[in-house]
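Residue numbers (our numbering), protein chains in the order written: chain L, -19 to 457; chain D, 9 to 298; chain A, 4 to 460. Cβ atoms here follow ideal geometry from the backbone N, Cα and C, with glycine treated the same way. Report on the structure given below.
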Amino acid sequence: MKEELLSVGIDMGTSTTQLIFSKLHIENMASSFTVPRVVITDKEVVFRSDICFTPMLADNRIDAVKIKHFVEEQYQKAGINKEDIQTGAVIITGETARKENANEALLTLSGFAGDFVVATAGPDLESIISAKGAGAHTYSKEHSTTIVNIDIGGGTSNLAVFSSADLLDTGCLDIGGRLIRVDQKSHQITYIAPKIKKLIALKGLDLSLGQQVSPADLQPVVLEMVHLLEESVGIRPQSEFYPEIITNKGLKLEQKIACISFSGGVADYIYNEAEGDMFRYGDIGILLGRAIAASALFTQMTVVRSVETIRATVVGAGSHTTEISGSTITYTEKSFPLKNIPILKLALADEAGVDPQLLAAAISEKLDWFKLDNDMQRVAIAIEGKKSLSFPEVQRYARGLLQGMAELIEREYPLIVIVQHDMAKVLGQTLYALLNYEKDVVCIDGVLVDNGDYIDIGKPIADGKVLPVVVKTLVFN
Amino acid sequence: MNEDKLIELVKQVVSEMTSTQKSDNPVMLEAVPSDSEEYVPDLSQVDFRKVLDIPHPANREEYLRVKAKTEARLGVWRTGPRYRTNTLLRFLSDHAAAMDAVFSDVSEEMLEEMGLFSVSSRCSSKDEHLTRPDLGRQFSEETIARFKAKLKPKAKVQIMVGDGLSSAAIEANLRDIIPAISQGLKMYGLEVGNIPFVKNCRVPAMDVIGDELEPEVVCMLIGERPGLVTAESMSAYIAYKPTVGMPEARRIVISNIHDGGTPAVEAGAHIAELIKTMLEKKTSGIVMGD
Amino acid sequence: MSMRLKTTLNGKTFQFRDIKDVLAKANEPKSGDRFQGIAAESVTERVAAKIVLSELTVGDLTENPIIPYELDEVTRVNIDGLNRHQYEAKKNMTIGQLREWILSHKTTQEDLIRSSRAFTGEVAAAVAKIMSAMDLVYGARKINVVTRCNTAIGQRGTLSFRCQTNSTTDDPETIVMGLMEGVSYGSGDACLGINPVEDNVESTRRIADGVYNFMSKNEIPTQVVVLSHMTTQMKAMEQGAPLSMIFQSIAGTQAANDNFGVNRKLVEEAYILAKQRGTSVGPNLLYFETGQGSEVSIGADLGVDEMTLEARTYGFGRYFNPFMVNNVSGFIGPETLYDGKEMIRANLEDHFMGKLMGLPMGMAPCFTNHTSITQDDQEMATMLLNTAGANFYMGVPVGDDVMLAYQDTSFHNDAALRELSRRKPAPEFHKWMMKRGLMDENGVLTELAGDGSIFLK
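This is the structure:
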């Protein structure tokens, strides 16, 4: 069995918007003599769009009409009908995500991305997606090493650390190419981001709005930004300003990172020489890129060339967000996709001894956290499960889950259970039996989720054997 | 839920997890006898996929990472060109488990507990079972009469169990797989009747049941020839209206059912669905892997 | 003169039905023959059959093949593969005389190699049936068969291995990790050969790519082979899979070969394809696997004893000038070879018969877990075959093949066998081992050997 999933990735970033189409190849890798094991065997980008500056309205809101127009045009260019899209992600990244009409802009695109897409991304997810798009996780696996990818865009630098393909950490700094803008003609400073203003003040640099500057004038502040990047990956002692520049969190730096790669728009000027007008994009992107290439990041770490630079996030969104569930699962629910379901992951202690009372108590207690204004949301319960378990243990798991999820069942929500070990088919069948076959059950395994994640579950593929899922990591760790 | 709340929640959960991890080791406590000083440690309990015996490997982490993905006995090191003592003894103990699985019988208690009725193939001994595969697929007239007395003719589904080449596989998996199959079949409105156990059994014995009782689907659970990795691996052979002499391609097999492969409970749930699909399509030729 | 199939012995008269009957009854005890009901019923009957057999001539056995020429392709290939001059020179010898000629000090290696195309499978089986264990070892030891695919193996003073690190999931990563460790022990100069779980072009290509990349990145002078069905490998090769040669299991009757999906025409096509699309210069571009009992286990034996069928298999394989022939007697189980003694005897017979017929014989004395055969039996067979001069063995991590669920020679056995017989790897591979600091000039492992992760640095 071989099957292809057509996936789209759309990235609306601080400065640019773009999209890609990729084909995910799905194959049953199990022998014909065992239970199926369907996996994604290959990811292939089949179309890369033009890159446009993210259109903004005068009042600093996203120009949704123009974006829609751009996307339509690219679909035509690729010769792809929006009905053919099976999975993918639209993400709004960086400062754009903070615009007040971000959601509205997303809505205008929803029809283009099929009905199964990621909606928003926080800094952690952005870091993960761009690093995967840059090829950092693949590199770490192929070379058995640790690598940090820094995706440097207009407004932020997103960091993700992988060790042999395992995600170790994420971080984000407010460092980017468009945090200082310079008029292309007059070379006057037209914008300085608030945190950079503070940095300039702290370092006593002589830069202010309206000032006419040369690249040399900006060099000191660009160097300060590079130093902060060096601090962020642990090759320079952290300065007093470092906590200030962090967007949400920095890297924990519990182990030495051997390699480094770069993506984002600035990366092109890290890997390549720049000639001509340094202000041709009206910002400090080129200067920042060249300064990084001349910094300790290049001398003290092994520099790896990323497979994507400015397109890393969009390739990550299109090619690396969709996963496949385990291949022996249970679902009686028909109304896929299920979107934006928050995860309630039980603690290991809650599962100790598979005591139904303990399980039920833990679930109902933790479900309270998911009540907004006393109103229960849809929640997926995630458990670890057991590698080898007996039939009575399955029964105990099922009884505990049902009792704990009573409130969800009352609300007529589908019962969604995500278990890590290979037991979803029998657990799902048991839950369904205990519910007298009257309530719908979705029970999947083989997907790693944690508290702080949201999950989308798409329509069945591969003869209904598996469900595609997108895990949205809003908070990593 | 806003992000701050989420972080708080996650922190809380993480702290809970780390605080319980120290004491959360019940499996090890069970495995080691209370007076452990008196015992030479149980060699078969060592998970050698997690052990690297090479004294100064060039890349320990990567070795262990790949080793964890395979049962192959890698990274065992050597003395001269020969095995270390632990390697040799572990090989011998795994071989012992495998041979004992073949040359022993499924216990009567187990069969009683599961409510199975016991018959034998035409093989009169283990030795004959191993050297005469032709007799392991045949029954005496008296045995066929017993089948006819105990089993419902023309049933939708007939489950049967055979020792095959590993009694240990039956002992290890039957308690979990039978109720899982029954529960799954019930979900599709299918009943499991009496289940025979066949001693000294080969897979094609199921075809005789097909001819004599004409069930629509026969599912034979049988012990696989043991490898050193596990002696407890079971297979399920499933066929639509099997008949003696039919081509092997008319059988579907789900193998590798054991703790380290597909767990018996999960395999049972999968088998129930396969049987349902087979009944719907009225053929064994349901596309499986491709 | 018509053939004499009658004798008296120890006060009893024995009348054998035909050559097939004599060959079956003359065979040393094998459970496969008992399963078929064709074995001698007493020890005296067995010896009587050997005596009758010893008086038959090479010509008798060649001109009266046990399955007629018209009815069976294996018979045809055996006979079509003969060299008429060599055959005429030996045709009047009795089997008893042939035994003495082989073992005589006057008969040189040259003589034996030159006569290898004088004999069909029936003749090779007949003479082996009247040879003792030491005869089989001594006779085979005189014959050296060198072949070349990408590199050459089989030279006197060398001993080679196929590194066999199968995966239950066809996962190239664990396969290659195993190969890394295997080659560090010096295993893998015959080939890096993987049996896939799934017989399809995708798995074959995926594995071939992984193994080839490892080989070429580290400049290892050896060959890559993936042991899926011949037609699968051919498709993979057509699509560019970097295979050095093509593998196929073969057997001693047309019925068994039909069951395996192989025939003369297909093998000829495979050879041409390997010449055009394979990654080796050759001229030997095929790899065959054989073993006593494969025909009886699938009911395609036609009442012929399993040892004679094995020799006929060699007559089939010889026609295509293989790079290596690997014998896996012991793989099937106690219905074909009952215990350690039967397995060891079968291995010595097969090695001798194959060498006599000019084949590059490698041996995989092995055992499954549903017999009484143990590791000791397996190691004894290996050491005897080492004395007999087998070209190669397998190399499996600790002898435990996790995919095929049987036990075979291990990396450690490989290294020890070389030391025991003072043999070295194939010359190019040996040079490479020394360059990597894994082996000294005498073929003994250095302190580095055994750590596969040196290739991960």
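Buried or exposed for residue 447(L), going by 16 or more other Cβ atoms inside 10 Å? Counting from 1 along the first sequence, the entry for residue 447(L) is found at position 467. Flag for residue 447(L) reads buried.
Compute the beta-carbon to beta-carbon distance between residue 48(L) and residue 35(L), rounded to the nearest angstrom, for a pair I have assumed lies under 8 angstroms. Start at 1 with the first residue of the first sequence, and residue 48(L) comes out as number 68. Start at 1 with the first residue of the first sequence, and residue 35(L) comes out as number 55. That belief does not hold up - the Cβ atoms of residue 48(L) and residue 35(L) are roughly 10 angstroms apart, past 8 angstroms.
Local conformation of residue 289(L) per DSSP, three classes: Position 309 of the first sequence holds residue 289(L). Correct three-state label for residue 289(L): coil.
Entirely within the stretch 153 to 205 of chain A and at least 4 residues each: give me those alpha helix (DSSP H) ranges in chain order. 175 to 187
At the 9 angstroms Cβ level, is residue 441(A) part of the contact set with chain L, yes or no? Taking the first residue of the third sequence as position 1, residue 441(A) is located at position 438. No, because no Cβ of chain L sits closer than 9 angstroms to the Cβ of residue 441(A).
Check residue 108(A) in the structure and name its three-state DSSP category. Counted from its first residue, the third sequence places residue 108(A) at position 105. Of the three classes helix, strand and coil, the one that applies to residue 108(A) here is coil, per DSSP.
To the nearest angstrom, how far is the alpha carbon of residue 219(D) from that of residue 378(L)? Taking the first residue of the second sequence as position 1, residue 219(D) is located at position 211. Taking the first residue of the first sequence as position 1, residue 378(L) is located at position 398. Approximately 40 angstroms, taken between the alpha carbons.
With a threshold of 9 angstroms between beta carbons, is residue 177(A) in contact with chain L? For the purposes of this step, residue 177(A) is taken as residue 174 along the third sequence, with counting starting at 1. Not closer than 9 angstroms to any Cβ of chain L, the Cβ of residue 177(A) fails to qualify, so no.
To the nearest angstrom, how far is it from the Cα of residue 296(D) to the Cα of residue 12(L)? Residue numbering aside, residue 296(D) sits at position 288 when the second sequence is read from its first letter. Residue numbering aside, residue 12(L) sits at position 32 when the first sequence is read from its first letter. Low per-residue confidence applies at residue 296(D): pLDDT is 43, beneath 50, and the placement is therefore not dependable enough to give any value.
Does the beta carbon of residue 95(D) come closer than 9 angstroms to any beta carbon on chain A? Your numbering for residue 95(D) matches position 87 in the second sequence. Chain A, which has a Cβ nearer than 9 angstroms to the Cβ of residue 95(D), makes this yes.
Provide the residue(s) that pair with residue 438(A) in DSSP beta bridges, ordered along the chain. Residue 438(A) sits at position 435 when you count from the first residue of the third sequence. Looking at the DSSP assignment, residue 438(A) forms no beta bridge with any residue, so it has no partner.
How is the beta strand (DSSP E) around residue 329(A) delimited, first residue to last? Against the third sequence, residue 329(A) aligns to sequence position 326. Residues 327 to 330.
Following the continuous beta strand (DSSP E) through residue 71(A), name the residue where it begins and the one where it ends. On the third sequence, position 68 is the one that residue 71(A) refers to. Looking at the DSSP string, residue 71(A) is not in any beta strand (DSSP E), and its letter there is neither H nor E.
Output needed in chain order: residues of the stretch 165 to 198 of chain L with a Cβ under 9 angstroms from some Cβ in chain D. none
Compute the distance between the beta-carbons of residue 262(D) and residue 170(D), then report whether it is under 9 angstroms. Residue numbering aside, residue 262(D) sits at position 254 when the second sequence is read from its first letter. Residue numbering aside, residue 170(D) sits at position 162 when the second sequence is read from its first letter. No, the pair does not count as a contact, with Cβ atoms beyond the cut-off.
Check whether the Cβ atoms of residue 395(A) and residue 77(A) sit closer than 9 angstroms, and answer yes or no. For the purposes of this step, residue 395(A) is identified with residue 392 of the third sequence, where counting begins at 1. For the purposes of this step, residue 77(A) is identified with residue 74 of the third sequence, where counting begins at 1. Contact flag unset, no.
Rounded C-beta distance between residue 359(L) and residue 318(L)? I'm assuming under 8 angstroms. What you label residue 359(L) is simply residue 379 of the first sequence in a count that begins at 1. What you label residue 318(L) is simply residue 338 of the first sequence in a count that begins at 1. Not a contact, Cβ separation roughly 11 angstroms.
For residue 252(A), which residues does DSSP report across the bridge? Here residue 252(A) refers to the residue found at position 249 when the third sequence is read from its first residue. Residue 252(A) is bridged to 292(A).
For residue 417(L), count neighbouring Cβ atoms within 10 angstroms of its own Cβ and tell me buried if that reaches 16, exposed if not. As a working mapping, residue 417(L) is identified with position 437 in the first sequence. With fewer than 16 Cβ atoms within 10 Å of its Cβ, residue 417(L) is classed as exposed.
Is there a Cβ from chain D that is less than 9 angstroms from the Cβ of residue 457(A)? Within the third sequence, numbered from 1, the residue matching residue 457(A) stands at position 454. True, the Cβ-Cβ gap to chain D drops below 9 angstroms.
Near residue 191(L), what residues of its chain come up, given a Cβ to Cβ distance below 6 angstroms and the 5 sequence neighbours on each side ignored? Residue 191(L) sits at position 211 when you count from the first residue of the first sequence. If we look at residue 191(L) and ignore the five residues flanking it on each side, its Cβ neighbours are 169.
For residue 336(A), does the three-state DSSP call read helix, strand or coil? Residue numbering aside, residue 336(A) sits at position 333 when the third sequence is read from its first letter. Residue 336(A) falls in the coil class under three-state DSSP.
Can you tell me the Cβ-Cβ gap for residue 276(D) and residue 167(D), rounded? I've got them flagged as a contact below 8 angstroms. As a position in the second sequence, residue 276(D) is number 268, starting the count at 1. As a position in the second sequence, residue 167(D) is number 159, starting the count at 1. That pair is no contact at about 10 angstroms.
For residue 337(L), is the classification buried or exposed, using 16 other Cβ atoms within 10 angstroms of its Cβ as the cut-off for buried? Numbered from 1 along the first sequence, position 357 holds the residue referred to as residue 337(L). Answer is exposed; the Cβ neighbour count stays below 16.
Give me the Cβ distance between residue 136(L) and residue 76(L), rounded to the nearest whole Å; I'm assuming they're in contact under 8 angstroms. If you number the first sequence from 1, residue 136(L) lands on position 156. If you number the first sequence from 1, residue 76(L) lands on position 96. Actually they do not touch by this definition, with Cβ atoms about 11 angstroms apart.
I think residue 230(A) touches residue 197(A), with their Cβ atoms under 8 angstroms apart; what is that distance to the nearest whole Å? In the third sequence, residue 230(A) corresponds to position 227, counting from 1. In the third sequence, residue 197(A) corresponds to position 194, counting from 1. Yes, they are in contact, since the Cβ atoms of residue 230(A) and residue 197(A) sit about 7 angstroms apart, within 8 angstroms.
Is residue 371(A) close to chain L, meaning its C-beta is less than 9 angstroms from at least one C-beta of that chain? For the purposes of this step, residue 371(A) is taken as residue 368 along the third sequence, with counting starting at 1. Chain L, which has no Cβ nearer than 9 angstroms to the Cβ of residue 371(A), makes this no.
Within 10 angstroms of its Cβ, does residue 137(A) collect 16 or more other Cβ (buried), or is it exposed? Reading the third sequence from its first residue, position 134 is the one you call residue 137(A). When all chains shown are included, residue 137(A) counts as exposed.
Might you give, ordered along the chain, the residues of its own chain that have their beta carbon closer than 7 angstroms to the beta carbon of residue 252(L), omitting 5 neighbours on each side? Mapped onto the first sequence, residue 252(L) falls at position 272. Taken in chain order, the list of residues that qualify is empty.
Closest residue to residue 20(L) among 413(L), 150(L), 117(L) and 305(L) (Cα-Cα distance): Position 40 of the first sequence, counted from the first residue, corresponds to residue 20(L). Closest by alpha carbon: 305(L).
Neighbour list for residue 144(L) in chain D, Cβ cutoff strictly below 9 angstroms: In the first sequence, counting from the first residue as 1, residue 144(L) sits at position 164. Chain D residues near residue 144(L): 69, 70 and 73.
List the endpoints of the continuous alpha helix (DSSP H) containing residue 330(L). Here residue 330(L) corresponds to residue number 350 of the first sequence, with the count starting at 1. Element bounds for residue 330(L): 328 to 331.
Mind checking whether residue 34(A) and residue 337(A) have CB atoms under 9 angstroms apart? What you label residue 34(A) is simply residue 31 of the third sequence in a count that begins at 1. What you label residue 337(A) is simply residue 334 of the third sequence in a count that begins at 1. Yes, the Cβ-Cβ distance between residue 34(A) and residue 337(A) is below 9 angstroms.
How do the stretch 35 to 52 of chain A and the stretch 95 to 103 of chain A stand: do at least 3 beta-carbon pairs fall below 8 angstroms, yes or no? no
Can a CB atom of chain D be found closer than 9 angstroms to the CB of residue 174(A)? On the third sequence, residue 174(A) is found 171 positions in, with the first residue counted as 1. So, interface residue.
Would a C-beta distance cut-off of 9 angstroms place residue 223(D) and residue 161(D) closer than the cut-off? Within the second sequence, residue 223(D) is the residue found at index 215, counting from 1. Within the second sequence, residue 161(D) is the residue found at index 153, counting from 1. The answer is yes: Cβ separation under 9 angstroms.
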